[in-house]
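Chains as they are written, first to last, in this note's numbering: chain F, -10 to 333; chain P, -10 to 333.
For each residue, glycine too, the CB sits at the ideal point set by N, CA and C.
Notes follow once the structure below has been shown.
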């Protein structure tokens, strides 16, 4: 059976396009607050996996011994826009751990978010690996390897200890065991597939790590705090994660991923949210996540966030000719405004 | 009921994203060679409407009296990339009809296709309305108004004679009557919605206009010939229409539109093809259309076209990490390799 429609895009009097998908909102004990669609088929969490990919580094103690801080942790969780605030920090971090751009396994890619690409062309700069939106994640992998005193060569390969630590951590948080199916992410690192609901449960344990051993719980709390404290580093100017984390005002951290996935961590309610748009559209994932956070009464009246909940479709003369909005599956969902953690 | 999956995108061992949609392949007599999904719901043909939007101009005789040719007709049907070959011709055409960029109702938009935007920044140029991918269509509208000796002011409004002529022509070709639902397109011109199957029938009458009065049939044949003769003007370097028209080697003209629509005109078989991807994804529309043309044995071994039929998904290091391909609804469809027109 097809997944339900989560987002609609209108033009004039008609719905022009629709986006189907699945959503799971889980608690750390594995129970579900809400779900829609097929939540059992494995999905690649793509960049929504980054907070978990950062966990081995933070748990290792590398942050303390190498003199790093919340900014670097936020960048390890980031799909950043390659703005100077991102690239200067990643470059300094690489120097701090005795590495350079050459050590990054991610390829360079053009920065998409203006005015960065225009400024780069104007000044004759070409994108480097540091501009890759995942350069913070990769620098985090290098940091863990450095701290463990092992080779950084091939740190992006499935059988390197850093990636084995990521896979093990993901399995533990998701309550799974065994080898997960995997594919190569856009940045050349392995990405692991798991049922949407299992990933939502892993995210819920980031929201509510109380039942875990102290070092892991502390590392998780530090990661979530770093994301919430540095929304501009997690994505960038006008990007959805930056907008949503700011709008949630300390109450949630979000992390988008390619191909229409979106995760959110809601510590005060101990909730992990995960959604996947079937067709991979980022525009729909943004609007679906914004609508869910709004349903949970987390967004408030932040104008930038409200424009994700109901996004005007503009033409080239900046006239509004339609809108992108959550469909009834989400707007009519029986989700209470932020249930307290005690209710779980 | 949900439309069938037309295109799949894989990563590693899994299908990561899917695109649903509907397809109709019609003959000029209205009969169907093939259909999949819901073909009755109205869709906006968006830029796939351009060959029909160009018809009033060509039918009017303006091409002859104003000294225009196949290049201008191809540009009237184009969603061009704003390359110098496009913008220089549109600018010259505007001068020829005594108009200027100021007369175009479409807004400027950034050119997306490299190296155009990089070259523009390097030379300090800003996008103008002539760079709008629809500037040829708009210049065609202005040309019709000039030829008719009526005001060009407000030529983009629903009640201007040029747009009324477009709506009437579309109704006639589609075998419909009455006011069609409409919305404002990205370029500020009206776009009319009609059932997918009705639009496929209209496209079939572009492929096989024999039953129509001579002036219209001649104008249609000229438009199709212009598109086939100038594939580089219909889209641009490495764009799907340019690739597909070239690969079809004179046997078909194609026209993509925003929000995942794609039309094709196949004169030798008298077929009109129209498809709409539910979620609006251009990547899926390209691959679905390429797969259908391949099924009709029109594509041959053209390498660029084959890369649309099965498109590698690359990461930032240019490694292949998945593929985009047509799903069984299309690959398994019982469509014979190009039925002759006589079979209809």
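The beta strand (DSSP E) runs of length 3 or more contained entirely in the stretch 98 to 168 of chain P do not exist; there are none.
At least one beta carbon of chain F lies nearer than 8 Å to the beta carbon of residue 31(P).
Bridge pairing for residue 180(F): 172(F) [DSSP]. Listed in chain order, the positions of the stretch 165 to 195 of chain F with a beta carbon within less than 8 Å of a beta carbon of chain P are 170, 171, 172, 173, 174, 175, 176, 177, 180 and 182.
Around residue 247(F), the same chain offers 35, 36 and 175 as residues with beta carbons nearer than 7 Å, after the five sequence neighbours per side are excluded. From the listed residues 8(F), 38(F) and 219(F), the smallest Cα separation to residue 262(F) is found for 38(F).
Selection 107(P), 88(P) and 120(P) evaluated against residue 64(P) yields 120(P) as nearest (Cα-Cα).
The C-alpha of residue 319(P) lies about 15 Å from the C-alpha of residue 287(P). Cβ-Cβ separation between residue 268(P) and residue 270(F): approximately 6 Å, consistent with a contact (criterion under 8 Å). Measuring C-alpha to C-alpha distances from residue 325(P) to each of 170(P), 178(P) and 260(P) identifies 260(P) as the nearest. Residue 112(P) has its alpha-carbon roughly 20 Å from the corresponding atom of residue 226(P). Contact residues of the stretch 268 to 280 of chain P toward chain F are 268, 269 and 270 (C-beta to C-beta distance below 7 Å). Taking 8 Å as the cut-off, the beta carbon of residue 5(F) is found closer than this to the beta carbon of residue 311(F).
In the three-state reduction of the DSSP assignment, residue 23(F) falls in the strand class. Around the beta carbon of residue 238(F), fewer than 16 other beta carbons sit within 10 angstroms, so the residue counts as exposed.
Taking the beta carbon of residue 146(P) as reference, no residue of chain F falls within 8 Å; the closest one sits roughly 13 Å away. Collapsing the DSSP output to three states places residue 309(P) in a strand. Check the Cα spacing between residue 102(F) and each of 214(F), 291(F) and 224(F): the tightest is with 224(F). DSSP places residue 229(F) in the uninterrupted alpha helix (DSSP H) bounded by 229 to 237. If you look at residue 60(P), you'll find it in the alpha helix (DSSP H) that goes 59 to 65. With respect to residue 94(P), residue 127(P) sits close: the two C-beta atoms are nearer than 8 Å. Residue burial annotation: residue 124(P) is buried, with at least 16 other C-beta atoms found within 10 angstroms of its C-beta. Fewer than three pairs of CB atoms, one per stretch, sit closer than 8 Å, so the stretch 151 to 166 of chain P makes no contact with the stretch 5 to 18 of chain P. Annotated as proximal: residue 253(P) and residue 241(P), with beta-carbon spacing under 8 Å. With fewer than 16 neighbouring CB atoms inside 10 Å of its own CB, residue 29(P) falls in the exposed class. In its chain, beyond the 5 residues on either side, 249, 251 and 266 have a beta carbon closer than 6 Å to the beta carbon of residue 274(F). The DSSP assignment places 39 to 42, 44 to 49, 51 to 54, 59 to 65 and 73 to 85 as complete runs of the alpha helix (DSSP H) inside the stretch 38 to 93 of chain F, in order along the chain (cut-off: 4 residues). Under the 8 Å criterion on CB atoms, residue 0(F) is classed as interfacial with respect to chain P. For residue 260(P), the pairing in a beta bridge is given by DSSP as 16(P) and 255(P).
Rounded to the nearest angstrom, the gap between the Cα atoms of residue -2(F) and residue 49(F) is 45 Å.
Its chain contains 33, 179, 180 and 182 as the residues whose beta carbon lies nearer than 8 Å to that of residue 172(F), once the 5 sequence neighbours on both sides are disregarded; these appear in chain order.
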